[in-house]
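First to last, the protein sequences are chains A and B.
Our numbering numbers the first residue of the first sequence as 1 and each following residue consecutively.
Our numbering numbers the first residue of the second sequence as 1001 and each following residue consecutively.
Even for Gly, the Cβ is constructed at its ideal location relative to N, Cα and C.
Please read these numbers as outputs of a predicted model, since none were measured by experiment.
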Amino acid sequence: MMNYESKHIENHPKYKEISDYGFGSAKHMQSTVLVYLDLCECKQWFNVAIHPCKECDIMFISGQVTALDRTQLIVAVDCIQAIQHIDMEQINTYTNQIQICLPNLGNQTRGLTLAVCSSDSTIVYYKMTSGLIPPENPDLTQQKKLKRKRYFQKAKKCQLSADMTVDKT
Amino acid sequence: MGEGRIRVSVVKDCAYVWNAEDVCMLREKHRIVGRLVGCHARFARQNIQLSLPLQLLPEETSLLLLKGMVDLVDGTKSYRTPTEQQKQALERMREKTFQDQEHLARQQKRDDIVKNLDKIKAGKKAKRNKDLEERRSAGEDIDQSQFDEDLDLDIDSFQIEPLRKENMMIQIFTEDPWQEMDQSLDWTFPVTEEENLRFRVFRDLWEKGYYLTSGGKFGGTFLVYPGDPLRYHSFYIAVCLPYKHKMCGQDIITMGRLGSDVKKTVLLCSVNDNNELTYTSLVWTAIS
């Protein structure tokens, strides 16, 4: 008989690996592994890795959207976890010094992304950057929207033709 | 009171600017937007287009005082029963205005006569000729040359009716013309820690060249514009938070969602332990 206790994420090898670091709450570790799996499996990012940061008592995740993109840094937090601006400032300070901590990280984006995880495993990502970052140009937003629409239309067409091929056979 | 300074009228801790030229100067020269809160004189009974006075935010007032651009006066004195001297001054002013209007009206009528002199001559000639015709019909001997004779009219001979007092135009003041100039008021904003934070953020962003207005409609402290709000959409919703104020992930999403829906960046503003202003921009990212 299968054990349905909700501890499956704690049996994941990555969870066991990061629990060996010896810091960070269980909630934070769970959220981190959840985001890690989301980036690896759903978003299909490249070079996703988890890094400990003792000074901030957190773990952050690094990865790239494509192999040629800049590395992004992500911190997972639980939905109801209390955050202070001081925490974000500290995290921002340490991410600015990340190249000293991790020389292999290479070229990275400015700021970091906060991944807010809720109890049903929904993850929402928000980019946080020190300073004043103006919003995206509306023309650029429109272009991206059209590009996404064309991408989904193409994917749908491919799927339809694949289904028809299967039906014929 | 300083020369060239804008007069700001304070009533119950609310600061108002009543002079239209000052309102324009505040916006164009000093990037202070304020908000018009008065009834429009020509379009009453509607709230779409409001008019003077311009109400200033407490932050705007404090900034203008700091920069030495304004003088504060007690606005409540403008609502008191006028004194005998003020009544007499008003009467004298109205009498002088009437004299000026009467002179202008007379001049206007004279100009109209000059402009229409040919038509008036033609009209008078036609009337004269009609009389001559009637006299001729009655048997009188009228020479044809009298019909053709032109009229020579002197403009000064025209009787111009003077302007009556009940027809004069009266000015209704928006700005108090007898504001006592020797008053001074104490302005106490900012006092609390929260007010100090708001003022510091306002001042810093203003000094960076932005236009700022109240951010209440978007759930923030200020809206920050790269140019005049009439010409640009705002870039940021500034939210002032104490440095150690606790937020949960849900609060971050609430603020971020609001910003992304209206295509603005949410700006978290705090003063850190080194007494420095820190800004953190919050932007939704399309990873989801």
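- Cα atoms of ARG1136/B and GLN1144/B: separation of roughly 10 Å, rounded to the nearest angstrom.
- Taking all protein chains in view, the Cβ of GLY111/A is crowded by 16 or more other Cβ atoms within 10 Å, so the residue is classified as buried.
- Take LYS1115/B, set aside five residues on each side of it, and no residue of its chain has a beta-carbon closer than 8 Å to its own.
- Under the 8 Å criterion on CB atoms, CYS1248/B is classed as interfacial with respect to chain A.
- Boundaries of the alpha helix (DSSP H) around ARG1094/B: 1084 to 1115.
- Contact fails between the stretch 1028 to 1048 of chain B and the stretch 1084 to 1104 of chain B, because fewer than three Cβ pairs, one in each stretch, are under 8 Å apart.
- LEU1056/B sits buried, since 16 or more C-beta atoms from the chains shown fall within 10 Å of its C-beta.
- At a beta-carbon threshold of 8 Å, the residues of chain A lying near LYS1263/B are PRO135, GLU136, PRO138, THR141, ordered along the chain.
- Here GLU1060/B is buried: its Cβ has 16 or more other Cβ atoms, across all protein chains shown, within 10 Å.
- With a cutoff of 8 Å on beta-carbon distance, TYR1225/B and PHE1218/B are scored as not near each other.
- According to the DSSP assignment, HIS12/A belongs to no alpha helix (DSSP H), since it is labelled neither H nor E.
- Note on geometry: alpha-carbon atoms of VAL77/A and ILE61/A lie some 12 Å from one another.
- Excluding sequence positions up to five before and after SER1078/B, its CB lies within less than 6 Å of the CB of ASP1176, all in the same chain and listed in chain order.
- The beta carbon of LYS1096/B lies closer than 6 Å to none in the same chain, with the five residues before and after it left out.
- For a cut-off of 8 Å, the C-beta gap from ARG1007/B to VAL1073/B is around 6 Å, short enough to register as a contact.
- Nothing from the stretch 1216 to 1233 of chain B brings a Cβ to less than 7 Å from some Cβ of chain A.
- CA-CA distance, LEU1212/B to LEU37/A, rounds to 43 Å.
- Judged by DSSP secondary structure, SER1145/B falls within the alpha helix (DSSP H) whose first and last residues are 1144 to 1148.
- The C-beta of ASP1100/B has fewer than 16 other C-beta atoms within 10 Å across all chains shown, which makes the residue exposed.
- In the displayed model, ARG1007/B falls within a strand according to three-state DSSP.
- With 16 or more neighbouring CB atoms inside 10 Å of its own CB, ASN1019/B falls in the buried class.
- Pairwise C-beta distances place the stretch 1232 to 1252 of chain B out of contact with the stretch 1080 to 1094 of chain B, as fewer than three of them are shorter than 8 Å.
- The distance from the Cβ of CYS79/A to that of CYS1248/B is about 7 Å, consistent with a contact at the 8 Å cut-off.
- Contact check for LEU1223/B against GLY1256/B fails: the beta carbons are separated by 8 Å or more.
- Here CYS53/A carries a strand assignment [DSSP, helix/strand/coil].
- Membership of TYR126/A in any alpha helix (DSSP H) is not indicated; the residue belongs instead to the beta strand (DSSP E) covering 123 to 130.
- Here THR1192/B is exposed, its C-beta having fewer than 16 other C-beta atoms within 10 Å.
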